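Heads up: take any position in the sequence shown, counting from 1, add 24, and you land on this note's numbering.
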Amino acid sequence: MEVRKILVPIDGTERSMHSLDFVKGSYDKDEVSVSIINVKELVFIDGISMSDEIKTSEMIGKELLEKAKSYLEGYDVKGIFAFGYAGDEIVRRSKEEGTDLIVMTKSTKKGLTRIIGSCTSYVLKHAEAAVLIIPE
């Protein structure tokens, strides 16, 4: 049996962790290889990025990934931390890793244009892999 490669973007919210619940409830440990990605957008002030903020953001992101990885204990899980625009990074990593499925949780923001969220919308439009959107 071929192992499916799944990419799960998380942002630290309880909502984004529902994607991990889906993976855990839908796939046995030997059926999937899971990559969990956390992307931090960098803020530049006058063309200069704040180095302390970068170190803190990376530390927080990596802690979040470790927490998410421990939630899928027993699964083949890899954590990816990146700086950049979330949609771009998710699509790029998905292509690089030959992902079969991207599992994302829908946004809680109100309004017609925010039903699934701008990042999810971008990924849906640009990803080569199937994208599954989990309700809250």
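Virtual Cβ for every residue (Gly too), placed ideally from N, Cα, C.
Just so it is clear, the structure is predicted and the values come from calculations on it, not from any experiment.
Taking all protein chains shown into account, do 16 or more other C-beta atoms lie within 10 angstroms of the C-beta of residue i, making it buried, or fewer, making it exposed?
| i | result |
| --- | --- |
| SER142 | exposed |
| GLY122 | exposed |
| GLU113 | buried |
| GLY85 | buried |
| VAL56 | buried |
| PRO3 | Lying before the first or after the last residue shown, residue 3 is absent from the chain, which here runs from 25 to 160. |
Return helix, strand or coil for residue i, following the three-state DSSP convention.
| i | result |
| --- | --- |
| ASP124 | coil |
| ASP45 | helix |
| GLY103 | strand |
| LEU31 | strand |
| LEU96 | coil |
| LEU66 | coil |
| THR80 | helix |
For residue i, tell me which candidate among the options has the shortest Cα-Cα distance.
| i | options | result |
| --- | --- | --- |
| GLU120 | ILE104, MET128, TYR109 | ILE104 |
| GLY111 | VAL155, PHE46, GLY98, LYS79 | VAL155 |
| ILE30 | GLY49, GLY36, ILE60 | ILE60 |
Name the two residues that bound the continuous alpha helix (DSSP H) containing residue i.
| i | result |
| --- | --- |
| VAL147 | 142-150 |
May I ask which residues mark the beginning and end of the beta strand (DSSP E) holding residue i?
| i | result |
| --- | --- |
| ALA154 | 154-158 |
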